[in-house]
Every structure is written in C-alpha cells, then in structure tokens.
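A.B. asks: Before anything else, here's the structure in question.
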Amino acid sequence: MAGSNIRRKKLATSNRISAYLLHHLQSLMFSLRKIYAAPATTIMTVAVIGITLSLPGGFYLFLKNIDAISGDFRSSSQISLFLDLELSEKQARALDKKISKMELVDSTRFISRDKSLEEFRQDSGFGKSIDTLSSNPLPHTIIVEPGEADTFAVRNLLNSLQAMPEVKIAKLDTEWLERLYTIIEIARRSVVIITVLFSCAVLLIIGNTIRLDIQNRYQEIIVTKLIGATDAFIRRPFLYGGVWYGLLGGIISWLIVEIGYLAISGPLGRLNLLYKSDMNLITFSFHDFIILITSSTLLGLAGSWIAVARHLNQIEPT
Amino acid sequence: MIEFHNVTKRFEGGYEALSNVSLKLDEGHMAFITGHSGAGKSTLLKIIALIEKPTRGQALLNRVNLNTMPRRRVPYIRRNIGIIFQDHQLLFDRNVFDNVSLPLHIQGYRPQEIAKRTRAALDKVGLLHKEKSLPITLSGGEQQRVGIARAVVHKPMLLLADEPTGNLDPELSREIMQIFVDFNQVGVTVLVASHDLDLIDDLDKPRITLNRGKLILNDLEDIAQEADGGWQ
Numbered sequence: 108m109a110g111s112n113i114r115r116k117k118l119a120t121s122n123r124i125s126a127y128l129l130h131h132l133q134s135l136m137f138s139l140r141k142i143y144a145a146p147a148t149t150i151m152t153v154a155v156i157g158i159t160l161s162l163p164g165g166f167y168l169f170l171k172n173i174d175a176i177s178g179d180f181r182s183s184s185q186i187s188l189f190l191d192l193e194l195s196e197k198q199a200r201a202l203d204k205k206i207s208k209m210e211l212v213d214s215t216r217f218i219s220r221d222k223s224l225e226e227f228r229q230d231s232g233f234g235k236s237i238d239t240l241s242s243n244p245l246p247h248t249i250i251v252e253p254g255e256a257d258t259f260a261v262r263n264l265l266n267s268l269q270a271m272p273e274v275k276i277a278k279l280d281t282e283w284l285e286r287l288y289t290i291i292e293i294a295r296r297s298v299v300i301i302t303v304l305f306s307c308a309v310l311l312i313i314g315n316t317i318r319l320d321i322q323n324r325y326q327e328i329i330v331t332k333l334i335g336a337t338d339a340f341i342r343r344p345f346l347y348g349g350v351w352y353g354l355l356g357g358i359i360s361w362l363i364v365e366i367g368y369l370a371i372s373g374p375l376g377r378l379n380l381l382y383k384s385d386m387n388l389i390t391f392s393f394h395d396f397i398i399l400i401t402s403s404t405l406l407g408l409a410g411s412w413i414a415v416a417r418h419l420n421q422i423e424p425t
Numbered sequence: 021m022i023e024f025h026n027v028t029k030r031f032e033g034g035y036e037a038l039s040n041v042s043l044k045l046d047e048g049h050m051a052f053i054t055g056h057s058g059a060g061k062s063t064l065l066k067i068i069a070l071i072e073k074p075t076r077g078q079a080l081l082n083r084v085n086l087n088t089m090p091r092r093r094v095p096y097i098r099r100n101i102g103i104i105f106q107d108h109q110l111l112f113d114r115n116v117f118d119n120v121s122l123p124l125h126i127q128g129y130r131p132q133e134i135a136k137r138t139r140a141a142l143d144k145v146g147l148l149h150k151e152k153s154l155p156i157t158l159s160g161g162e163q164q165r166v167g168i169a170r171a172v173v174h175k176p177m178l179l180l181a182d183e184p185t186g187n188l189d190p191e192l193s194r195e196i197m198q199i200f201v202d203f204n205q206v207g208v209t210v211l212v213a214s215h216d217l218d219l220i221d222d223l224d225k226p227r228i229t230l231n232r233g234k235l236i237l238n239d240l241e242d243i244a245q246e247a248d249g250g251w252q
C-alpha cells in the first residue's frame with residue numbers, strides 16, 4: 108500500500124496524537140449531545156441507576172451513624188461492684204472514696220444497702236413480699252464510671268477491682284454492647300452483599316442500555332466500518348455514553364440519599380429531645396461523595412465495555 | 021491493483037455466487053462489471069472491500085492477499101478504498117458536511133484539513149452549497165453525489181461502485197458516470213458494477229461480464245489462460 112504509506116507519513120506524529128485526543132473529546136461531546144437529544148430515555152436510565160445505587164448508599168450511611176452512636180456507648184460502659192454483705196456502710200463509703208481516686212476511674216456512685224432495697228421496693232412492685240424478709244439481702248453497691256479508656260484498659264480495671272477483698276462481684280456491663288457490635292457486624296456484611304448485588308444490577312442496566320444504543324445505531328456502525336473505522340474508534344462514543352450514565356446515576360443516588368436523610372432528620376430531632384441525647388445525623392462526607400461518584404462512573408464504563416465487547420464485534424457489513 | 025485467481029465464493033446452502041473467476045485490473049484503469057442481477061457483481065466487489073472472503077482461490081489488492089487478512093488490519097486496507105452504494109448509505113442524523121467528512125475523522129485528520137478536503141470533495145460533485153443540508157432533504161441524484169463525495173474525500177487509490185445509478189434517470193446517471201470517469205482521469209482506479217448497458221456502451225471502457233457467477237466476457241488482460249492477450 109505505497110500510497111497509504113506516503114499519506115500516513117504526511118500526518119506527523121504530534122498531529123496524530125492531537126487528532127487522537129480530539130476524537131476523544133469529540134466522542135465525549137457526541138455522547139453528551141445524544142444524552143441531551145433523548146432526555147426521556149436518559150432520565151429513565153439514570154433514575155434507575157440512581158435508585159439502585161441509593162440503596163447501598165443509604166445502608167452505608169445508616170451503618171456509619173450506628174457506628175458513631177455505638178462509639179458513644181463504648182466510652183460509657185460501667186462497672187458494678189457488689190460488696191461483701193459483712194461490710195458496714197462506713198467501710199463501704201471509705202472504699203468508694205478509695206476507688207474514686209484510682210487511675211482510669213472517672214467517677215463513682217455509692218448506693219447503700221438500704222437505698223438499694225428502697226429502690227427495689229419501689230421499682231419491682233414486690234413491696235409487700237420484701238417487707239416479710241427478716242434481713243436486707245442486698246449488698247452495698249458502687250457504680251464505677253471508667254474514664255476515656257479502651258476495652259482492654261477497662262478489663263484490667265475490672266480485674267483489679269475484682270481482686271479487692273471487699274468486692275464480692277465486679278460486673279462489667281458490656282454483654283449487651285458485645286451483642287450490639289455483633290449485630291453491627293452482621294449489618295456491615297449485609298451492606299457489602301447489597302453493594303455487590305446492586306453494583307451487578309447497575310452493570311446489567313447500563314450494559315442493556317448500551318446494547319439498545321448499539322442496535323439503534325446499527326446502520327452508522329456498518330457505514331463507519333465500511334469506510335475504515337477501527338473497532339476502537341467505533342467503541343469510544345459508546346464507552347463515553349456508559350461513563351455519562353454512571354456519573355449521572357451516581358449523582359442522582361447521592362441526591363436520593365441526602366433527601367431521604369433530610370426526611371428522617373425531623374423525627375430524629377424529636378427523639379433527641381425525648382432522650383436528652385445529642386445524636387447528630389452523619390451524611391455523606393466529601394470523601395464518601397467522591398467514592399460514590401467514582402465507583403458509579405467506573406460501573407458505567409464497565410457495563411458499557413461488556414455490552415460493546417459482546418455486541419459490536421457481531422456487527423459486520425454484509 | 022486488483023487480481024483474482026480462480027476465485028470461487030460459495031454461500032451457506034451451496035449457492036455459488038462466483039465460480040472460478042480470474043481477472044486483473046491495473047492501477048489507474050477503469051472497468052465496468054455487468055451482468056443480470058444475481059450474476060455475482062456485488063459479491064465480486066464485496067470480496068475486494070473485505071466484506072466477504074473467497075471460499076476458494078486468491079484475491080489480491082496491491083499484491084496483498086485478502087484471503088488471509090487479519091481482522092485488525094481490515095480498517096486500514098479499507099481506507100485505501102472508496103465505496104459507493106446503490107442506496108447511498110448516508111447517515112440521516114447529520115448534515116451533508118458531516119457525512120462527507122466522516123472518513124477524515126476516522127483517519128484522524130485535523131479540523132482545518134477536514135474542512136478543506138470536505139469542501140473540495142463537495143465542490144467536485146457540485147454540492148458545495150448544500151453542505152449544511154440534511155440528506156433527507158436532497159433528491160436521489162444529490163444523495164448519490166454526497167455518497168460519491170464521501171467515497172473520494174480521503175483520496176483513495178481505488179473506487180468501487182455498486183449500481184451507483186440504479187435508481188436514477190438516464191440524465192442523472194450520465195452525470196454520475198462522468199464523475200467516475202473524471203476521477204479515473206486523475207489516476208484513481210475505478211471499478212463500477214452496473215447493468216445499465218446503454219450508458220456503459222457510450223463510455224468506451226473495458227467490461228467484465230458475469231453470468232451466474234461465471235466470467236463470460238473479459239475485456240481486461242486474461243490471466244486465466246496465462247495468455248498475453250492484453251487489451252482486446
């Protein structure tokens with residue numbers, strides 16, 4: 108092909124690269140114009156992708172909030188010390204004072220035997236039965252609030268308290284916390300499964316949309332192949348189409364989750380008032396937003412790549 | 021430029037579109053392929069354009085064997101060929117200029133170059149004033165001329181035309197054929213399949229006639245019998 112060689116040499120390398128970049132830009136703009144030209148189709152596709160991605164996104168945010176709340180609980184774990192029944196109130200109060208000065212201890216609260224019984228009589232409703240008891244079966248109790256410390260340090264504190272001769276039973280109220288953490292772990296894994304499944308769904312949605320797009324432009328593909336277009340040239344606008352779908356779908360899913368959390372924030376504010384807590388709803392951080400948009404865009408690219416690889420090669424002029 | 025050595029094309033089901041066809045078209049020459057519909061004219065052009073592959077025999081384009089052409093090289097071979105179809109194969113979602121400039125975009129020309137060459141090609145077929153029109157608004161003859169402009173815009177070495185005047189009246193057909201002759205005069209090799217014998221008779225160019233896939237008349241150098249007949 109002597110003629111073509113001469114012609115190809117005329118196009119300098121730098122020109123070829125700029126022409127290549129130019130075609131990328133043109134494909135980008137072309138696919139964007141197509142999206143603009145068919146708003147109904149685009150909106151439907153993008154909405155489906157957005158709704159699909161909003162589920163894992165919402166669950167992720169839910170988990171993030173639960174995590175933050177449970178972090179508060181972690182620092183609020185208490186140790187209950189049930190003292191020896193033989194101990195007098197004076198001895199017990201002295202011990203309380205001693206413990207409150209210990210390292211790692213933030214504060215203590217002393218509950219005397221009599222007060223414990225009084226509380227029990229009022230709260231349990233067994234008042235009459237308790238009156239029949241000859242002696243008070245309840246021990247003096249000290250509630251220890253550990254300061255800012257990790258679980259390991261709290262366990263050490265528990266052991267040293269347990270070792271005291273005056274202490275009959277030392278109990279760390281963490282069982283329910285451990286249950287909570289297990290539940291959170293289950294939720295965390297569920298979010299991973301949901302994310303994987305819904306990402307596959309997005310892949311299929313985009314793949315199918317691009318497949319229809321390829322079918323609609325069958326004639327154009329045939330003609331461009333006949334005048335010497337390479338597979339890469341034909342592929343490019345479709346891949347950019349997938350990228351746009353993914354990007355827009357990601358933005359929609361972000362909006363859906365944000366609006367959803369806005370709707371929840373009202374009742375949550377009331378809940379805060381009722382519990383006198385100050386739980387603040389955590390929404391997507393900028394970092395989360397970037398990850399969401401990037402992954403949805405990559406999903407778009409991957410979905411269109413699958414469709415293009417499967418269907419474009421089958422179209423040949425006859 | 022084009023060489024066929026005992027080329028046979030048999031389609032699935034046993035239908036033989038070309039039987040043992042040998043021919044040779046030299047660079048810079050022009051020839052017509054004639055014959056009834058179904059005689060194998062289109063199949064012959066499709067083999068040259070790498071749309072079909074021969075079942076048997078060898079097809080060469082510029083001494084390159086088309087039988088064994090790997091898929092990835094096909095686009096680069098096609099860039100040396102301009103193809104004109106009976107049904108124009110224009111893209112109706114873009115204007116005349118964008119249709120004609122498509123081969124230049126594919127080959128990575130710069131925008132200024134694209135504009136220059138596209139206008140030159142449109143000027144050659146007399147449609148420079150229609151560059152902004154949509155193909156649907158053009159007449160059949162004009163659409164065919166847009167198709168020709170697109171086929172020649174990248175200055176191919178070879179022009180293939182399959183029934184380019186199929187749907188046109190005699191006057192327009194003559195105009196179209198004259199455009200091909202003009203291109204041939206500036207050195208482009210041209211091969212036109214047509215059944216419009218009256219028109220071909222006037223043009224005084226060598227003719228290849230096919231009948232049910234067999235070569236029954238060959239005005240070109242006869243390479244089948246290794247004879248040195250030359251132009252007959």
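Just so you know, the sequences run in chain order A and B. In terms of my numbering, the first sequence opens at residue 108 and continues consecutively. In terms of my numbering, the second sequence opens at residue 21 and continues consecutively. Heads up, the beta-carbon is just placed ideally off N, CA and C, and yes, glycines get one too.
1. When DSSP labels each residue in this structure, what does A/ILE422 get in the three-state scheme?
2. Would you list the residues sitting across from B/LYS44 in a DSSP beta bridge?
3. Per DSSP, B/ILE53 is paired with what?
4. What does a CB cutoff of less than 7 Å around A/ASN172 pick up in its chain, not counting 5 residues either side in sequence?
5. Please compile the residues from chain A whose C-beta is within a distance smaller than 8 Å of the C-beta of B/PRO74.
6. Nearest to B/VAL27 by alpha carbon, out of B/MET21, B/GLY33 and B/LEU38?
7. Just curious, the beta strand (DSSP E) that B/ASN119 is in, first and last residue?
8. List, in chain order, every chain A residue whose beta-carbon is nearer than 7 Å to that of B/PRO123.
9. Which first and last residues belong to the alpha helix (DSSP H) in which B/LYS136 is found?
10. Let me make sure I understand the geometry here. Which of A/HIS418, A/LYS222, A/ILE156 and A/PHE189 has the alpha-carbon closest to that of A/LEU265?
11. Check this for me: beta carbons of B/LEU142 and B/ALA169, under 8 Å apart or not?
12. The region 98 to 118 of chain B: which residues have C-beta closer than 7 Å to a C-beta of chain A, in chain order?
13. Compute the distance between the beta-carbons of B/ASP182 and B/GLN106, then report whether it is under 8 Å.
14. Per DSSP, what kind of secondary structure is B/ARG83 in: helix, strand or coil?
15. What are the residues that DSSP puts in a beta bridge with A/SER236?
16. Measuring CB to CB, does B/SER214 end up less than 8 Å from B/THR185?
17. Can you tell me whether B/PRO176 is buried or exposed? The criterion is at least 16 other CB atoms within 10 Å of its CB, across all chains shown.
18. Could you please tell me which residues of the region 120 to 137 of chain A, in chain order, have their CB closer than 8 Å to any CB of chain B?
19. According to the neighbour-count rule (16 or more other Cβ atoms, all chains shown, within 10 Å of its Cβ), is A/SER138 buried or exposed?
20. Quick one: using the 10 Å Cβ neighbour count with 16 as the cut-off for buried, is A/TRP283 buried or exposed?
21. Looking at the structure shown, is B/GLY250 part of a helix, part of a strand, or coil, going by DSSP?
22. I'd like to know if B/GLY128 contacts chain A, where contact means its C-beta is closer than 8 Å to some C-beta of that chain.
23. Against A/VAL330, what residues of chain B qualify as contacts under a CB-to-CB distance less than 7 Å, listed in chain order?
24. In this structure, what does DSSP give as the bridge partners for A/PRO449?
25. List the residues of chain A that B/ILE199 touches, going by C-beta distances under 9 Å, in chain order.
26. Find out if the Cβ-Cβ distance for the pair A/TYR167, A/VAL298 is shorter than 8 Å.
27. Relative to the C-alpha of B/HIS174, which residue among B/ILE243, B/ARG227 and B/ARG137 is closest?
28. Per DSSP, B/ASN238 forms a beta bridge with which residues?
29. Going straight from the alpha carbon of A/ASP238 to that of A/ASP230, what length do you get?
30. Apart from the five residues just before and just after B/ARG232, which ones in its own chain have a Cβ nearer than 7 Å to its Cβ?
31. Can you pull the DSSP bridge partners for B/LEU179?
32. Going by C-alpha to C-alpha distance, which of B/ASP113, B/GLU32 and B/GLY207 sits closest to B/ILE156?
33. Give the straight-line distance between the Cα atoms of A/PRO244 and A/SER195, rounded to the nearest whole angstrom.
34. Go ahead and label A/ASP203 buried or exposed: buried means 16 or more other beta carbons lie within 10 angstroms of its beta carbon, across all protein chains shown.
C.D. replies: Reading off the structure:
1. In the structure shown, A/ILE422 sits in coil (DSSP, three-state: anything other than H, G, I, E or B).
2. DSSP output for B/LYS44 lists B/GLU23 as bridge partner(s).
3. B/ALA213 and B/ILE228
4. Scanning its chain for C-beta atoms nearer than 7 Å, with the 5 sequence neighbours on each side dropped, one finds around A/ASN172 the residues LEU388 and ILE389, in chain order.
5. Ordered by position in chain A, no residue passes the 8 Å Cβ test against B/PRO74, which lies about 15 Å from the chain.
6. B/LEU38
7. Annotation: B/ASN119 is outside any beta strand (DSSP E); the continuous alpha helix (DSSP H) that includes it extends over 116 to 126.
8. ILE334 and GLY335
9. 131 to 144
10. A/PHE189
11. yes
12. ARG98, ARG99, ASN100, ILE103, GLN109 and LEU111
13. yes
14. Three-state result, B/ARG83: coil.
15. Answer by DSSP bridge pairing: none, since A/SER236 is not bridged.
16. yes
17. buried
18. Under the 8 Å Cβ criterion, the region 120 to 137 of chain A contributes ASN122, ARG123, SER125, ALA126, TYR127, LEU129, HIS130 and GLN133.
19. buried
20. exposed
21. Its pLDDT being 39, under 50, B/GLY250 is placed unreliably in this model, and the value from its coordinates should be taken loosely. Here B/GLY250 sits in coil by DSSP.
22. yes
23. GLN109 and LEU111
24. What the structure shows of chain A is the stretch from 108 to 425, and residue 449 of chain A is not part of that stretch, so it cannot be assessed.
25. Chain order gives no chain A residues near B/ILE199, where near means a beta carbon separation below 9 Å; the closest approach is about 18 Å.
26. yes
27. B/ARG137
28. B/ILE228
29. 14 Å
30. ALA59
31. B/GLY102 and B/VAL210
32. Taking B/ILE156 as reference, the option from B/ASP113, B/GLU32 and B/GLY207 with the minimal CA-CA separation is B/ASP113.
33. 14 Å
34. buried
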